[in-house]
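Okay, structure first, notes after.
There are 2 protein chains.
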Amino acid sequence: MSNESNSYKLTYFPIKALAEPIRFLLKYGEIEFEDFRLDVAQWPNVKDKMPFGQVPVLEMDGKMVHQSVAISRYLAKLTNLTGNNDLENLEIDAIVDTITDFRSKIAVFNTEKDDTRKEVLKDNLTKETIPYYLTRFDSITAANDGYLAIGRLTWADLYFVSLLDYCNGVLKKDIIAEYSNLVKLREKVLAIPSIKQWLLERPDSEY
Amino acid sequence: MSNESNSYKLTYFPIKALAEPIRFLLKYGEIEFEDFRLDVAQWPNVKDKMPFGQVPVLEMDGKMVHQSVAISRYLAKLTNLTGNNDLENLEIDAIVDTITDFRSKIAVFNTEKDDTRKEVLKDNLTKETIPYYLTRFDSITAANDGYLAIGRLTWADLYFVSLLDYCNGVLKKDIIAEYSNLVKLREKVLAIPSIKQWLLERPDSEY
Numbered sequence: 030m031s032n033e034s035n036s037y038k039l040t041y042f043p044i045k046a047l048a049e050p051i052r053f054l055l056k057y058g059e060i061e062f063e064d065f066r067l068d069v070a071q072w073p074n075v076k077d078k079m080p081f082g083q084v085p086v087l088e089m090d091g092k093m094v095h096q097s098v099a100i101s102r103y104l105a106k107l108t109n110l111t112g113n114n115d116l117e118n119l120e121i122d123a124i125v126d127t128i129t130d131f132r133s134k135i136a137v138f139n140t141e142k143d144d145t146r147k148e149v150l151k152d153n154l155t156k157e158t159i160p161y162y163l164t165r166f167d168s169i170t171a172a173n174d175g176y177l178a179i180g181r182l183t184w185a186d187l188y189f190v191s192l193l194d195y196c197n198g199v200l201k202k203d204i205i206a207e208y209s210n211l212v213k214l215r216e217k218v219l220a221i222p223s224i225k226q227w228l229l230e231r232p233d234s235e236y
Numbered sequence: 030m031s032n033e034s035n036s037y038k039l040t041y042f043p044i045k046a047l048a049e050p051i052r053f054l055l056k057y058g059e060i061e062f063e064d065f066r067l068d069v070a071q072w073p074n075v076k077d078k079m080p081f082g083q084v085p086v087l088e089m090d091g092k093m094v095h096q097s098v099a100i101s102r103y104l105a106k107l108t109n110l111t112g113n114n115d116l117e118n119l120e121i122d123a124i125v126d127t128i129t130d131f132r133s134k135i136a137v138f139n140t141e142k143d144d145t146r147k148e149v150l151k152d153n154l155t156k157e158t159i160p161y162y163l164t165r166f167d168s169i170t171a172a173n174d175g176y177l178a179i180g181r182l183t184w185a186d187l188y189f190v191s192l193l194d195y196c197n198g199v200l201k202k203d204i205i206a207e208y209s210n211l212v213k214l215r216e217k218v219l220a221i222p223s224i225k226q227w228l229l230e231r232p233d234s235e236y
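Here it is as structure tokens:
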């Protein structure tokens, strides 16, 4: 491991969502951290102290770092879940950013306040976006020996599986149920002992 | 340089937008590439051949790679515009993803079709989002010896400056005009000889 800090504090809302990839990676690496969960009532007081007014924020030895994907990539380096060379890391980064695109489309639906527009978004998601992305993620997993990139476990797999609870929670169904390679991938990731333990101990939340 | 390919072909629309960071980095590294610009009429035939139906796509020795930020990070490694260690790269990645968030908010406005909603989005951008982000980018640049991260030129600077044409084109004004540290940063990046040359030779486009 390189550049490791002595203390880690993760600040986020009391949900999985964008913080769960960070939690999965910290747990995978058996790195101790404070899992600080803000009450929504606390948020207005905390927001201004956060870089760009957003969470999750990871404090490492007191230094605040933001952006969940950047943090995840860093933790992946600490826990040996990155590629072996620049081209492998490019392959991982490309699928991670595609998973983020997919997750963002679900977030747009989740935060839409206009009922009519929300219905249209749900329809697009269900009939187009979700099958479009998941068919491709499933094929990619089949072509990569059961993983999302470079034929072995990487942080892309933890990133995807840890975000599924958010996607499924928003859509109120298991969106990958019909995609057998993704189901198997989830089983593998959730069977990693430290992740399995985390699922038993983590607080309940809608997503 | 590591993992360098022999041939590079970039496919995108005849605009700057998401491809311009890739073009800047290829030019910065003096890496020859085919700058293939699709007519909109060609797009329906090309879309299905592209990974996840999107461009920009960079072909490296014939292998297609997508996701502009992932590609930019890879090219930054080839051209020595990354950090010296994992923590420096985390700092760069975090600001890059924040620039992407900022650019995405401008893209949401740009693609909105409902006139009333578009007006609201423009108002939010002008009064809140743009000053919020640019004030912070400006302060960060002041605190980093005139750069967006780690006190020296990195791909975060090329990424930001190359996307400004898109942001300015959509908003029909120079959004950084009042932010002196960002103006100076842009001057520095655009004065790099290979970038300066690129600005003289690149095709005109609205953004």
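Keeping their order, the protein sequence lines are chains A and B. In short: position in the first sequence from 1, add 29, done, that's this note's numbering. In short: position in the second sequence from 1, add 29, done, that's this note's numbering. Quick reminder that beta carbons are idealized off the backbone N, C-alpha and C, glycines included.
Around the beta carbon of residue 223/A, a 10 Å sphere encloses fewer than 16 other beta carbons of the protein chains shown; the residue is thus reported as exposed. Residue 183/B sits away from residue 100/B, with the two beta carbons spaced by 8 Å or more. Per DSSP, the unbroken alpha helix (DSSP H) holding residue 218/A starts and ends at 209-219. For the pair residue 81/B and residue 127/A, the CB atoms are nearer than the 8 Å cut-off.
When the alpha-carbon of residue 205/A is set against those of 108/A, 114/A, 158/A and 227/A, the nearest one is in 158/A.
Under the three-state reduction of DSSP output, residue 181/B falls in the coil class, being neither helix nor strand. The shortest CA-to-CA distance from residue 230/A to any of 35/A, 41/A, 39/A and 53/A is the one to 53/A. Segment contact: the region 107-117 of chain B against the region 199-215 of chain A, fewer than three CB-CB distances shorter than 8 Å; contact not assigned. At a C-beta separation below 7 Å, residue 98/A has these neighbours in chain B: 126.
Residue 208/A and residue 132/B have their C-alpha atoms roughly 33 Å apart.
Each residue's CA atom was taken as its position, placing residue 153/B and residue 73/A some 19 Å apart. Contacts with chain B at 8 Å (Cβ-Cβ) include residue 165/A.
No Cβ-Cβ contact shorter than 8 Å links residue 191/A with residue 61/A. In its chain, beyond the 5 residues on either side, 167, 170 and 171 have a beta carbon closer than 6 Å to the beta carbon of residue 210/A. Measuring C-alpha to C-alpha distances from residue 36/A to each of 76/A, 55/A, 105/A and 145/A identifies 55/A as the nearest. Interface criterion met: the Cβ of residue 106/A is under 8 Å from a Cβ in chain B.
DSSP places residue 65/A within a strand segment (E or B) once states are collapsed to three. At a C-beta separation below 8 Å, residue 103/B has these neighbours in chain A: 115, 116, 118, 119 and 122. Comparing C-alpha distances from residue 196/B to each of 218/B, 163/B, 145/B and 217/B shows the shortest one belongs to 163/B. DSSP lists 66/B as the bridge partner or partners of residue 41/B.
Among the CB atoms of chain B, none fall inside 8 Å of the CB of residue 189/A. Counting only the Cα atoms, residue 51/B lies some 10 Å from residue 45/B.
Residues of chain A with a Cβ closer than 7 Å to the Cβ of residue 81/B are, in chain order, 127 and 165. Contact check for residue 84/B against residue 125/B fails: the beta carbons are separated by 8 Å or more. Residue 94/A reaches chain B at 119 and 123, counting residues in chain order whose Cβ is nearer than 7 Å. By a beta-carbon distance limit of 8 Å, residue 176/B contacts residue 214/B. Their separation comes to about 7 Å.
Shown here, residue 110/B sits in coil according to DSSP, grouped into three states, outside any helix or strand.
Less than 8 Å separates the beta-carbon of residue 110/A from that of residue 187/A.
When rounded, the separation of the alpha-carbon atoms in residue 148/A and residue 59/A is 42 Å.
Between residue 179/B and residue 112/B, the gap from beta carbon to beta carbon is short of 8 Å.
When the alpha-carbon of residue 136/A is set against those of 193/A, 218/A and 216/A, the nearest one is in 193/A.
Close CB contacts of residue 218/A within its chain, under the 7 Å cut and outside five residues either way in sequence, are with 186, 187, 190 and 224 (chain order). With a threshold of 16 other beta carbon atoms within 10 Å, residue 105/A meets it and is buried. Cβ contact annotation for residue 75/B (same chain, cutoff 7 Å, sequence separation greater than five): 67, in chain order. Comparing alpha carbon positions, the residue from 146/B, 181/B, 38/B and 108/B closest to residue 63/B is 38/B. Going by DSSP, residue 86/A is part of the beta strand (DSSP E) stretching over 86-89.
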